[in-house]
Structures are given as structure tokens and as C-alpha cells.
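For reference, the structure discussed in these notes is given below.
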Amino acid sequence: MKRFTLKLITVAMFGSAAISSLPVSAHGYLSSPAARQVSCYDDGGYWSTNGVDIPNAACKAAYDESGTTQFIQKNEIAKLVADYNNMDAVKLAIPDGQICSAGDSSKSGLNVAHADWKKATVQVSAGNTIAIEHIATAPHNPSFRQFYLTKESYDPSMPINWDDLELIHFDDYSVMAKTNTFVIPVPAGRTGDAVLVSRWQRYDVAGEGFYNCADITLVSNGTPIEPTPTPEPTDPIVSLVELGSFLETGLITNSEIDDTVRFRIFDATGVETTDVSLQVTMQNQDSWPGDLADMVMLDTDNTWVIGNWHGDHYMYDWNNHYANKVFAPTTDFAYQLSLVKFVPTPVITPTPAVTPTPIITPTPVITPTPIITPTPIITPTPIITPTPIITPTPVIPTLIIIPTPVVTPPPGTGSAIIFVPGKTKVSNGELVAYNGACFEAQNNPGLWETPSAASWFWNEVPCEGGSVVTPTPAVLPTPPVATPTPVVVTPTPVATPTPVATPTPVVVTPTPVVGDSTWNAETVYNTGDTVIVNGITYTAGWWTKGQEPGTTGQWGGWKEVK
Numbered sequence: 327m328k329r330f331t332l333k334l335i336t337v338a339m340f341g342s343a344a345i346s347s348l349p350v351s352a353h354g355y356l357s358s359p360a361a362r363q364v365s366c367y368d369d370g371g372y373w374s375t376n377g378v379d380i381p382n383a384a385c386k387a388a389y390d391e392s393g394t395t396q397f398i399q400k401n402e403i404a405k406l407v408a409d410y411n412n413m414d415a416v417k418l419a420i421p422d423g424q425i426c427s428a429g430d431s432s433k434s435g436l437n438v439a440h441a442d443w444k445k446a447t448v449q450v451s452a453g454n455t456i457a458i459e460h461i462a463t464a465p466h467n468p469s470f471r472q473f474y475l476t477k478e479s480y481d482p483s484m485p486i487n488w489d490d491l492e493l494i495h496f497d498d499y500s501v502m503a504k505t506n507t508f509v510i511p512v513p514a515g516r517t518g519d520a521v522l523v524s525r526w527q528r529y530d531v532a533g534e535g536f537y538n539c540a541d542i543t544l545v546s547n548g549t550p551i552e553p554t555p556t557p558e559p560t561d562p563i564v565s566l567v568e569l570g571s572f573l574e575t576g577l578i579t580n581s582e583i584d585d586t587v588r589f590r591i592f593d594a595t596g597v598e599t600t601d602v603s604l605q606v607t608m609q610n611q612d613s614w615p616g617d618l619a620d621m622v623m624l625d626t627d628n629t630w631v632i633g634n635w636h637g638d639h640y641m642y643d644w645n646n647h648y649a650n651k652v653f654a655p656t657t658d659f660a661y662q663l664s665l666v667k668f669v670p671t672p673v674i675t676p677t678p679a680v681t682p683t684p685i686i687t688p689t690p691v692i693t694p695t696p697i698i699t700p701t702p703i704i705t706p707t708p709i710i711t712p713t714p715i716i717t718p719t720p721v722i723p724t725l726i727i728i729p730t731p732v733v734t735p736p737p738g739t740g741s742a743i744i745f746v747p748g749k750t751k752v753s754n755g756e757l758v759a760y761n762g763a764c765f766e767a768q769n770n771p772g773l774w775e776t777p778s779a780a781s782w783f784w785n786e787v788p789c790e791g792g793s794v795v796t797p798t799p800a801v802l803p804t805p806p807v808a809t810p811t812p813v814v815v816t817p818t819p820v821a822t823p824t825p826v827a828t829p830t831p832v833v834v835t836p837t838p839v840v841g842d843s844t845w846n847a848e849t850v851y852n853t854g855d856t857v858i859v860n861g862i863t864y865t866a867g868w869w870t871k872g873q874e875p876g877t878t879g880q881w882g883g884w885k886e887v888k
């Protein structure tokens, strides 16, 4: 068997600092022929609801079995086996039927036996060899490789067991490159469908090993295959700084199905540069921290790392999510991880209910002229008549108890925290004061979530010292009862003061004034300003200019007034 050495040159640059291109929890995979998780990742569609857009039936079956983790972490189908030279220990850690997932239940969909797994055509040379390409996103040195091929007796309708495999190649590697081509032998005369299984094992105390399954069709063409040349090694340079812990204690326990976790990155000026969100599902309820970490890395082109330094590379700790740290290029950056609770109804605290502005100064209600001067009561003539006229008890309270407008005095800030954008950090339930109003924090607001009634992160509440003043109803003094004279008078016309008992004019509903003006791209709008665009009223969540309402999305500066 011919041996050859592969070496490493992997240095990436970021600004003026040299940074390793090694990502967190992503180490390597078979690229040609493509491993099962790589084919599904490349096909896409796994982010759609219930995976309905996944084009390949086998990938959809894998999704239904264990969700998206197996596709996102295409580089880390791995298992830690300390006694890795003992195959009995390896088989105990990775039982029969779980080889393609490396015994990881979160990736068990890769073990599903399915006729539609995408098969790659692999040419067999005249010397009975095939060429294999492997991508090492985090090269581990030293290490060894084993390649297995399913026996001709293997039943493809069943998951792969160890007894179904035949070891066809073993080799040691002191140094590996990012992209490696291996020329390995296959049994003479072997053609047709098979599954190629690779095991890439590190020589380290933890016993980190990576497993891939690739579905292939062997075709003989009689052309020799030459190995790729050996590159010279260059040690990678790592220059990252730790910003803090990835998760707050209890965050995983507090997350529920349909909640959303959101990771944002801000530069030195407070401008948001990255915003990554992931919905918590039944499949990822226990693994979403690692999935989110991989998404952040992909979105930042691996210039940010979530995990810990492990040996000669960064690695995400799947056994203890809370142990992972956040690493950035410099200390000038900031980050925020938020848990957004699922709201079953689309109603988001309507602004009119929080701040009933139209009720504060309804001019028609303040001066209800028709009720203040009820002419039939002022005329005392009917009251001087005998007893039947002097008993209008049911009429008096109806006319005198007039609904007086609710007057809410200007609120005081009391003990509320003065909110300063970019500096004030509060927890859920704490009160802040901003622009003369008070708000209660909810959904873990960040440093730059400016308080407003239209925000997801704030609930406007009365400030300490504010109260609703309900004036005591004015009661007209009961006139003295005159001693009736023995004169017999028929009181029929006087005893029915019908016109007085109908206080209909009291209920006046003033039309709320919604929207200050039609939106203008050149006008500066501040928090609380309202405008009208295409007949729809919007309110500004913060200072804004030139952003057209209705085009900024749910996280933009304008919120539609329901």
C-alpha cells in the first residue's frame, strides 16, 4: 500500500489581525462523494415549515426523524471515544444502526434506510482504486483514517451494522490540508451500489472521531488515479478575544416550543451588524444553542466563535451548553442573546389601550351644556304643589350624577430608572422612564431597544405618583318639603318630567385624531410621532428620517397603529 503525507496551509485575515479559519464545532466531511448530510445541506429546503420544501425524499425522511441539526452541523458528525484504538469500545459508543450519525440521537435521521439517498457515481481505476475528496474545515493533527465499504450482501433497506462493513483502507496522517484527496483501494471486480463509510480519528486524550456515510455507485473505467501533491505545513494563527458567556443560566429551561432565540452583534458605534434568529421546535428544543452557534458562525464567515479552545482548535461543548464562550475579533464589539416568547395571537399591546389620548381632553365632554342647565328642574313651581309633586326622587339622581371626564395628572418618574440608549441594561419587570413616560421591561430588551409603546420589549405603564382622579359627583341639595295645604289639586301634568330624564347628550364620543400628517421623506420624526401612508396610520418607535412606513418590517422604526 502506498503511503503519502498531506500538509496544512490555512490562514485567513480579518482587518489587520490574522485569524484562524477554523470554525466552532465544525471539523470535516466527505465532499466527493458527498456524505448524506452534505447532499441534504446543498439541496436546501430544511428551514421551511415542517421541511416541506426539502426536494429529496430521503433528506425529508431524515428531517422527520431528527430535525435540522444533522444538516447544519454537516462538519461535525462526531463521537468522543477515549479508547479509540479498541474497536469494541468504538462499537459500544456507536451501536449497530447508528454508524452514519456517530451514535448522536440529534442526527439519527442519517441512519434512515431509504432508496432515494443521492448516489454519486465513483470511477474505479484499472488498479482497483477510487479517489476520495475530504474537506477539513478544522484540520486535526496527527490523526488516522479508516475507510469501510458495505459488503455485497448488505440489504440497503436496513440501517447499516458493523457486520455489514468491510475495512478497505487505513492510513496515518501527520499533517492534513483543508482539502484532501485520498486514493484508496476497493475489492477487485467490485461495481454497483454501495455505501462508503469514513472514520477520521484524532490522536488525542478525548478521542475525537468523525464519521460519514456516502451513497455511491462504483463504475469501472480502467484509468489510473494519481494522488495529489503534498503541500508544506503552516501553523494557523489564532487572534480572538473572549467577550463573555454564550448563555445565561436557565435560558434553555425557560425556552419553549415556538419561542424564538435571537443573537445580535453590534459594532463599536452600536450599529447592528448581525441578526440571527432560530425558532425552538420539538426537534431542537434541547440542542438549539449549538444550532444557533453554528448559524452565527456561518453568518459571520467564521470571524466569530462560540465554544471553547480544545487542543489546537475551537470546539463547541455539546455536553454543557452553558460552558461555551463568545469570541470576537476585538473587544470593540458587543452581542445580545434574547429569548422572544411566542405570542399565540397577533395582537401586540395596541397603543390606544395603553395611552387613551382621545379621552384625556375630549372638549365636548368637559362642557356638557345641555345637562348642566336642565330647565324643567330650575322652575320650582311644580314643587310647591301637594305631596305627589314633591317626590321626584327617581329623577334627581339620574340628572345630577353626570359622568365627569377622567383627568390623569402628568406622571412622575418616581423610582423608575432613567433609560439612556446604549448604556442602560435592565431585566424583565424593571421600570424605566424615557421621554416623560414610564415603561416595564419585557422579552429581555437590549441596550439599544428604545422604550416605546409600539415596541415588543416594552409595556407602557403609569409612572409612580400618577393616578386617575375621579371627582365626586355633584349632588343637587334636596329642596325642603313644603307642608301641603288641604287644597285638593290634580297633579297629573306635573308628575311626569319626561324631558328631564333623558340624558342622551352626555355620551359624546369624540373622533380620535390619528396621525399628525402625511409622511414626508425629508421630515425628521421622533418617538411617538404618527403619520398616514396609503390610508394607514403608523407611529415612530425612535428618531427616524427617510424610512418609509410600511417598508421597514417588524423590527423597523415604524409600527402600524391597529
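Okay, so the sequence shown: first residue is 327 according to the numbering used here, each after it adds one.
Backbone N, C-alpha and C fix where the C-beta goes; we use that ideal spot for every residue, glycine too.
- For the 7 angstroms CB-CB criterion, ILE858 and THR844 form a contact.
- Taking C-beta atoms under 8 angstroms as the contact rule, LEU618 and PHE659 fail to qualify, at a distance of about 17 angstroms.
- DSSP, reduced to helix, strand and coil, places MET608 outside both helices and strands of the structure shown, so it counts as coil.
- One alpha carbon belongs to PHE653, the other to ASN547, and they sit about 49 angstroms apart.
- Just so you know, the alpha carbons of THR863 and PHE745 end up roughly 27 angstroms apart.
- Pairing VAL450 with LEU604 gives a Cβ-Cβ distance that is not under 7 angstroms.
- Pairing THR463 with ALA404, the inter-Cα distance amounts to about 14 angstroms.
- Only residues of its own chain outside the window of five on either side were considered, and among them ILE403, ALA404, LYS405, ILE420, TYR537 have a CB closer than 7 angstroms to the CB of ALA428, listed in chain order.
- Between the region 450-459 and the region 354-374, the count of C-beta pairs closer than 8 angstroms reaches three or more; the two stretches touch.
- Annotated three-state conformation of ASN580 is helix, per DSSP.
- Collapsing the DSSP output to three states places ILE403 in coil.
- Between the region 510-528 and the region 488-500 there are three or more C-beta pairs closer than 8 angstroms, enough to call the two in contact.
- TRP488 is a Cβ neighbour of LYS417, given a cutoff of 7 angstroms.
- The bridge partners DSSP lists for ARG588 are SER603, SER664.
- Here DSSP, grouped into helix, strand and coil, assigns THR395 to helix.
- Check the Cα spacing between TYR389 and each of ALA408, SER431, ALA360: the tightest is with SER431.
- For THR865 against THR856, the beta-carbon gap comes to about 5 angstroms, under 8 angstroms, which counts as contact.
- Taking all protein chains in view, the Cβ of ALA452 is surrounded by fewer than 16 other Cβ atoms within 10 Å, so the residue is classified as exposed.
- Assignment of beta-bridge partners to GLY596 by DSSP yields no partner.
- Distance from the Cα of SER365 is smallest, within the candidate group LYS433, TRP443, GLU574, for TRP443.
- When the Cα atoms are used, TRP614 and ASN785 turn out to be separated by approximately 28 angstroms.
- For the 7 angstroms CB-CB criterion, GLY423 and GLU391 do not form a contact.
- Restricting attention to TYR480, PRO482, PRO485, ASP498, the CA atom closest to the CA of PHE473 is found in ASP498.
- Considering only ASN411, LEU522, CYS426, GLY576, the residue with the shortest C-alpha distance to SER469 is ASN411.
- Around the beta carbon of SER374, a 10 Å sphere encloses fewer than 16 other beta carbons of the protein chains shown; the residue is thus reported as exposed.
- The alpha carbon of GLY533 has as its nearest neighbour, out of TRP884, TRP868, ASP585, ASP409, the alpha carbon of ASP409.
- For GLN768, the closest C-alpha among the options PHE397, TRP782, LYS386 is that of TRP782.
- Spatial neighbours of LEU663 in its own chain (CB-CB distance under 6 angstroms, excluding positions within 5 residues in sequence) are listed in chain order as PHE589.
- Taking the Cα positions, GLU598 is about 15 angstroms away from TRP630.
- Between ASN646 and ILE632, the gap from beta carbon to beta carbon reaches 7 angstroms or more.
- No residue range can be given for ALA847, since it is assigned to no alpha helix (DSSP H) and is classified by DSSP as neither H nor E.
- ASN382 sits in coil when the DSSP states are folded into three classes, being neither helix nor strand.
- Secondary structure note for GLN472: its beta strand (DSSP E) is the uninterrupted segment 469-476.
- By a beta-carbon distance limit of 8 angstroms, MET608 contacts ILE583. Their separation comes to about 6 angstroms.
- Residue pairing from DSSP leaves PRO615 without any beta-bridge partner.
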